Structures are given as structure tokens and as C-alpha cells.
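Mapped onto the numbering used here, the consecutive letters of the sequence shown carry residue numbers 1270 to 1487.
Beta carbons are placed, not taken as given, at the ideal position from N, Cα and C, and that holds for glycine.
All figures in this text were calculated on a predicted structure; none of them were measured in a lab.
Presented below is the structure to which this report refers.
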Amino acid sequence: MNDFPQPLPAADLARARALATTLLSDVAAGDVAMRHDVSPVRSDMRMAGAAVTVDLPPGDNTALHAALYQRGTGYVLVADGHDHRDHAYAGEIMVRAARALAWEGLVVAGLLRDRAALEEIGLPVFGQGFHPVGPRKAEPGRINVPITCAGVPVHPGDLVVGDADGVVVIPRAEVPAVLTAAEEKRDREAARLATIAGFDPERDDPAVLRPVWLRAAG
């Protein structure tokens, strides 16, 4: 197995946890959001961490086990299951182990099982649905190699952020600039929301609610 990538700075992870995936997607260059079918087990789940990548043979989770059983503080396990639909890749036992090992979360481009238990455990887990049939354990797969997960390239060490809207992946070299741009956009949107909240239709000009880009367009 390849060594874990260098962790991202704790300060960057704290900043990322405070930002919505919508903001990060809006300011990042290119398409950084995984397809819409990758969603959290519970809508209140949030995570941020450096990617540990796993390339899984369809229906086989051997490599996921090989990557999982080490301390995961600051890391998100990101597995490309190639959208396989006949077997689940992870369930209660693996997710409880991931929580015990302090992983920040788990993303699988594939199916999960033990839905009720995963909801109760609370570790942020993102997948493409649920299926009761368990995985095979016959092929090794690959760990910490570049993958494409649900349509998005993921390299070991990239920033992975997940929330109710889905999962985004920010290339490691772009993390500082993207976080700053997302924070600036968050602050602009907060000011606009305050304007909307304080709007009086009897007193105020509706034009004040128009976004800046629309005003600039005339």
C-alpha cells in the first residue's frame, strides 16, 4: 500500500468545515462536485479531510479494508466503486471501525448497507444508495492512486468536503485560494441575506434586492 499523503493543515480543515459545498463549488475552477447521486446517509453530516483514495474492483472491497485499519485523523477515505450496483461496499462493521480510528468520513462511488446503523453511528458517510448484498473479497484493488470518483478526479491529499448537498474535491495546490474565495463569497451572501431579511415592501425599492451581477447588466 502506498503511504498516506501529507495531512492538510488543521487550520485549513477547520476553515473548510465552516464552508458549504455550494460555496466551494461556486468559486473553484472546473467541475469539482461529485455527481448528485453521491449523498450523505444523514442530511446533517459534514466532513472535511485530505483524501486517501481507493480504486476498487467492481463489487470487491478488499482494498477498502486494507486502507481502513489505521488511524484516520484528518483524512477522508474516498473509494471509486465504479458505480457497481450488485454489491454493497461497506456497512456497519466497517463504519464503526472507521469512527473508532478517527477517520473524518467515507465516500463510496457505489452502494452501502446497514442503513439504520449508519444513520445511528453518525460518522459522515456518503454513497449512492443501499443494497443488502455484501461485497466479494478476492481482488486487491489499489490504494492512494489517482482515481475518478463519481465523475471527479481525486488525487491523494486533495481536500474533500461533504455536506447535505454532496461532495466536492479541491486539488491540494488550490486549497488556500479556494478557501479564501469561498469565505469572501460567504460574507457577500450573508450581507445580501441581511438586506433581504430587512426588506420592507411598503418602503424599500425592490431594486436593492437585485444581485450585483444583474445590476451591472443593466
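- Sequence-distant partners of alanine 1285 (beyond 5 residues in either direction) whose C-beta falls short of 7 Å from its own C-beta, in its chain, are Ala1317, Leu1428, Val1430 and Leu1448.
- By alpha-carbon distance to aspartate 1306, the top candidate from Ala1476, Arg1382 and Gly1435 is Gly1435.
- For a cut-off of 8 Å, the C-beta gap from glutamate 1361 to leucine 1387 is around 7 Å, short enough to register as a contact.
- Secondary structure of proline 1475 (DSSP, three-state): helix.
- Within 10 angstroms of the beta-carbon of threonine 1464 lie fewer than 16 other beta-carbons, which makes it exposed.
- Under the DSSP assignment, arginine 1354 falls in the beta strand (DSSP E) whose first and last residues are 1344 to 1359.
- About 5 Å separates the Cβ atoms of glycine 1341 and leucine 1370, confirming a contact at the 8 Å cut-off.
- In this structure, the alpha-carbon of valine 1423 lies about 12 Å from that of aspartate 1300.
- According to DSSP, threonine 1322 shares a beta bridge with Val1347.
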